[in-house]
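Asks: Structure provided below as structure tokens; questions to follow.
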Amino acid sequence: MQIDSITGLSTGSLSGSVARPGIAVRAAQYPLFNFPPPPVDAVAVEERVAALAKRSIKKDAKVQGLRLAVRMMDLTTLEGKDTAGKVRGLCRKAIEPLFGDPSVGPCAAICVYPNLVPVAKEALRGSTVKIASVATAFPSGQSPLSVKLDDVRRAVELGADEIDMVIDRGAMLSGDYAKVFDEIAAVKEACGPAHLKVILETGELGSYDTVRKASEIGIAAGGDFIKTSTGKVVPAATPAVTLVMLEAIRDHFYATGRKVGMKPAGGVRTAKQALHYLVIVKETLGDAWLTPDLFRFGASALLNDVLMQLEKERTGAYAAGDDFSKD
Amino acid sequence: MTLSTTNNGADLEAANPGATDALDFGTAWTYSPAPEARDHVKIAPRQELFIGGEWRAPRSGRYFESISPSSEEKLADIAEADAADVDDAVAAARHAYEHHWRPMSGADRSKYLFRIARAIQEKARELAIVESLDGGKPIKESRDVDVPLAAAHFFYHAGWADKLRYAFQGRVAEPLGVAAQIIPWNFPLLMAAWKIAPALACGNTVVLKPAETTPLTALLLARIIEEAELPPGVVNIVTGAGETGAALAESTRSPSPEAPRSASASRRMSPARASASRWSSAARRPTSSSPTPPSTRRSRGS
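Chains as they are written, first to last, in the numbering used here: chain A, 20 to 346; chain B, 742 to 1043.
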């Protein structure tokens, strides 16, 4: 039975987990599910990202990289205290990040809770900035699947172009990989035309091996992007975890030719970190991924630091933090 | 730059032949050149021999050039030691061995070695830049590997110097004398550390000949050793090519050469090595970092 190779579990134990009403056994439809995935050499991964961090990025390359980072940014606000006013402000900033200089930006997307999608849609009308909405009982994902799917459908109806879903980490850690897979596949179906980003929440997965495993499940189940974190758990995105996920993307590309996107989110705060991530992408996946279509930063604090560095490169002097809008 | 941390791509490729598209590592985002600044590194235009704690011109008056392989720029004139210079160095090392270094306690020797290790760390940047200039290896390698490891070796062997009595059960390690050390060009500073640190820790003194293509960091190490105020003659550095190495091997009759990379140098050395066979196996041990005893009373008695 093919599903064995997918889950690594015996047929007996699996039969219970796939017998969920309302979900087809989609896992079996994806023969390229590389499972069990290769073990990750943690020392080599950390050494590799540390080595890539040492490449100094200066002058033209720095400006080019920072401008690219702005265009790759999913400007995010995911707080209980979010207001329509804050989201409108953020949308203005996404459209023209550096006030008075339209050559910088626009950002790739705005990332908000479903309730604020209509506000963003209104504010972004006529621009190229996409609307991403978190869904599936973000950030914990601890709700019944039907609720998660409703959440997704509602967000898409409200106008979201991209859905950021969270995987069921509990199922992932308890080895119920088929459940994780089927949920992602079901959400992908519910997304319709909207792009799906699969948040692995790597800070809760515990090991690079599990991250690699979750990446492959997310990719095979139909995720257009895989994303490190919700931003609600520490540690969030790290360069090492990003490299592990990029290598899963690379191996999937080698196997199928399909290009899956990557989004580190949470914990990327400085322009220097952003350049480091870009170097990791460039050296792992090459030029094709140096585009907002395939690489995004999920961040809120990052943009101002990038703008500050860009202004410093332009004028030769550092601006004050207050020279840039906060929200 | 596609180093993989998993060995997966090949398997997938095999499972799905024809599905592979090449990744494009092109020029979409080229890094600006960021050469390591070398303004603060001063390389003296003329480098003398380090013999008996002094910088001496070669008796022959001959010098050869050391170039930067990346640009073929001349870096310095390097003294070429002949047999007479080598004899001076060996005599200085012999004197230092008998009067200073062998009688010194292991704890005191270790203090000198710690001092050298710290100085290597302090001058790490300069050493890395000179190593890359002279040998042509990437700054990443010299800065991140060679120099830190060289310091680590001195720290390591400094730790052993006062513990030799306890290191080998039932045996007492003893120094052997003057170690002739001939090292190649591929890890100039690191290899010097491998050779010098254990020899000194055990109480031997050293005459070291770096490769003629990469002598500069060994000479910087000599400056560090000078600044560390080691007794004169404990470490001597003679520069030159194969003839110098052959003279060194002849002179001490105790060669401990790292396998030279060039066949001609090897040939020049081989008669000397053959004649020194009585010494070579014992003399090689002090420069090994393996925990085998460098010399023991028992083996000497047998």
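Glycine is no exception: its CB is placed at the ideal position from the N, C-alpha and C atoms.
1. Quick one: what does DSSP say His836(B) is sitting in, helix, strand or coil?
2. What does Ala769(B) touch in chain A if you count any residue whose Cβ is under 7 Å from its own?
3. Which bits of chain A does Asp765(B) rub up against, with CB to CB less than 8 Å?
4. Identify which residue in Val199(A), Leu94(A), Gly84(A), Pro254(A) has its Cα closest to the Cα of Lys349(A).
5. Nearest chain B C-beta to Ser234(A) closer than 7 Å, yes or no?
6. Under the three-state reduction of DSSP, which class applies to Ser165(A): helix, strand or coil?
7. Does the contact criterion of 3 or more C-beta pairs under 8 Å hold for the region 120 to 127 of chain A versus the region 241 to 252 of chain A?
8. What's the gap between the Cα of Thr147(A) and the Cα of Leu109(A)?
9. Between the beta-carbon of Ile978(B) and the beta-carbon of Phe791(B), is there less than 7 Å?
10. Would you mind listing the alpha helix (DSSP H) stretches within the region 60 to 119 of chain A that are 4+ residues and don't spill past its ends, in chain order?
11. Let me confirm a value: Ala256(A) is counted as buried when at least 16 other C-beta atoms fall within 10 Å, else exposed. Which label applies?
12. Can you find the residues in the same chain that come closer than 7 Å, C-beta to C-beta, to Arg231(A), ignoring five residues on each side of it along the sequence?
13. Hey, is Trp75(A)'s beta-carbon within less than 7 Å of any beta-carbon in chain B?
14. Would you say the region 821 to 833 of chain B touches the region 865 to 884 of chain B, given that touching needs at least three Cβ pairs under 8 Å?
15. Find the nearest neighbour of Pro774(B) within the set Lys78(A), Ala63(A), Asp101(A), Val62(A), judged by alpha-carbon distance.
16. Sort Ala80(A), Phe118(A), Ala61(A), Glu220(A) by Cα distance to Ser344(A) and report the nearest one.
17. Name the residues in the region 838 to 854 of chain B whose C-beta lies less than 8 Å from a C-beta of chain A; which are they?
18. How many Å lie between Glu814(B) and Lys950(B) at the Cα?
19. Sorted by chain position, which residues of the same chain lie with C-beta nearer than 6 Å to Ser1022(B)'s C-beta, five sequence neighbours on each side aside?
20. Compute the distance between the beta-carbons of Pro283(A) and Met91(A), then report whether it is under 7 Å.
21. With distances taken between CB atoms, is the gap from Leu329(A) to Leu85(A) smaller than 7 Å?
22. Classify His894(B) as helix, strand or coil using the three-state DSSP reduction.
23. Can you find a C-beta in chain A that's less than 7 Å from the C-beta of Trp1020(B)?
24. Put Asn977(B) into one of helix, strand or coil per three-state DSSP.
25. Is the beta carbon of Ser226(A) within less than 6 Å of some heavy atom of the ligand GDP?
26. Can you pull the DSSP bridge partners for Tyr804(B)?
27. Below 6 Å CB to CB, which residues in the same chain sit around Glu332(A) once its five sequence neighbours on both sides are set aside?
28. Quick one: which chain B residues come within Cβ less than 8 Å of Ala80(A)?
29. Using a Cβ-Cβ cut-off of less than 8 Å, list which residues of the region 863 to 893 of chain B approach chain A; keep chain order.
30. So, at 7 Å on beta carbons, what are the nonlocal neighbours of Val325(A) in its own chain, with the 5 sequence-adjacent residues on each side left out?
31. Quick one, are the C-beta atoms of Leu71(A) and Ile299(A) less than 7 Å apart?
32. What residues of chain B sit near Gly84(A), judged by a beta carbon separation below 7 Å?
33. How many Å lie between Ala952(B) and Ile76(A) at the Cα?
34. What span of residues does the alpha helix (DSSP H) with Pro914(B) cover, start to end?
35. Looking only at its own chain, which residues have a Cβ that is under 6 Å from the Cβ of Ser992(B), when we skip the five neighbours before and after it?
36. Is the CB-CB distance between Tyr227(A) and Ala61(A) below 7 Å?
Replies: A quick look at the data gives this:
1. helix
2. Asp306, Leu309
3. Gly305, Asp306, Ala307
4. Within the shown structure, residues of chain A are numbered from 20 to 346, placing residue 349(A) beyond reach of any answer.
5. no
6. helix
7. no
8. 14 Å
9. At the C-beta level, Ile978(B) and Phe791(B) come within 7 Å of one another.
10. Whole alpha helix (DSSP H) segments, 4+ residues: 61 to 72, 78 to 90, 103 to 114.
11. With 16 or more neighbouring CB atoms inside 10 Å of its own CB, Ala256(A) falls in the buried class.
12. Pro56, Val59, Val263, Ala267
13. Looking at the sequence shown, residue 75(A) is not Trp but Ser. It does: the Cβ of Ser75(A) has a partner Cβ on chain B nearer than 7 Å.
14. When C-beta atoms of the region 821 to 833 of chain B are compared with those of the region 865 to 884 of chain B, fewer than three pairs fall below 8 Å, so the two segments do not count as touching.
15. Lys78(A)
16. Phe118(A)
17. none
18. 23 Å
19. Any reading at Ser1022(B) must be qualified, since the residue scores a pLDDT of 34, below 50, and its modelled position is unreliable; the value itself is stated next. Nothing listed; no residue qualifies.
20. In this structure, Pro283(A) lies away from Met91(A), with their beta-carbon atoms at least 7 Å apart.
21. yes
22. helix
23. For Trp1020(B), the pLDDT reaches just 34, beneath the cut-off of 50, and the residue's location in the model is therefore unreliable, although a value from the coordinates is still provided. Trp1020(B) does not count as touching chain A.
24. Strand.
25. By its list of ligands, the structure shown contains no ligand whatsoever, and the ligand GDP lies outside what it can speak to.
26. Ala820(B)
27. Val82
28. Trp770, Thr771, Tyr772, Ser773
29. Lys881, Asp885
30. Leu85, Ala88, Val89, Ala290, Ala293
31. yes
32. Here the neighbours are Trp770.
33. 35 Å
34. Sequence check: residue 914(B) is Ala here, not Pro. Segment: none, Ala914(B) is in no alpha helix (DSSP H) and carries neither H nor E.
35. Val827, Asp828, Val831
36. yes
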